[in-house]
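Just so it is clear: in the sequence shown, position 90 is 90 by this note's numbering, and no numbers are missing.
Glycine included, C-beta positions come from ideal geometry on N, C-alpha and C.
Have a look at the structure below before the remarks.
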Amino acid sequence: IKAAKIDIKWLLERVEQGAINAVHKLLILNAQMDVVVNSGKKKVNVDLSKEQFDKAIIMAHRSGFINDEALGNELAGEYFTKSGEEYFATMYITKAIKKYRVWGAHAKADRLEDKYKQFLGDQNIRQNQHQT
């Protein structure tokens, strides 16, 4: 956590200096930090977590960082998997796989498909993406 706080501070300084291409990275790191800090709590505000991940993903998308958009979706999917929120987990994992494929990281997308196949059900993202 100490290293993450240092990274957050460093990124925040860059953003304050005008490095707009770091905003989405700061948002991803903040969302993930909240996940770690709140992991031991019995009641976590799922809506707040979703909002934080969504902000990070949207900023990455608007900035054209497909890889970070995929990462944000992957981290959100992982979080919602662990929180038992199957609907959100499936949504984010599916988006992560699709974005990794757009970025060209097919092996990463395949690993996510294999890891989260219980959430993906009958969806065959691997087959659908290779055909387009």
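Coil, strand or helix - residue i by DSSP
i, result
"E69", "helix"
"A3", "helix"
"Q17", "coil"
"K25", "helix"
"K41", "coil"
Sequence-distant residues of its chain with Cβ nearer than 6 angstroms to residue i (five each side left out)
i, result
"I28", "A56 and G72"
Residues near residue i in its chain [Cβ-Cβ closer than 8 angstroms; skip 5 each side]
i, result
"D114", "none"
"T132", "With a pLDDT of only 44 at T132, under 50, the local geometry of the prediction cannot be trusted, and no value is derived from it."
Cβ shell of residue i (< 7 angstroms), same chain only, five flanking positions each side left out
i, result
"E85", "V46"
"K108", "Y100"
Short CB-CB distance (under 8 angstroms) between residue i and chain B
i, result
"M59", "Within the model displayed, chain B is absent; a lone protein chain is all it includes."
Stretch-stretch touch, CB-based, cutoff 8 angstroms, three pairs: the segment 94–106 with the segment 66–78:
Contact holds: three or more Cβ-Cβ distances are below 8 angstroms.
Mind listing, in chain order, the continuous alpha helix (DSSP H) runs of no fewer than 4 residues lying wholly within the segment 43–107?
The segment 43–107 contains these whole alpha helix (DSSP H) runs: 46–63, 66–82 and 86–103.
Do the segment 33–43 and the segment 9–23 touch if we need at least three Cβ pairs shorter than 8 angstroms?
Under the 8 angstroms Cβ criterion, the segment 33–43 does not count as touching the segment 9–23, having fewer than three qualifying pairs.
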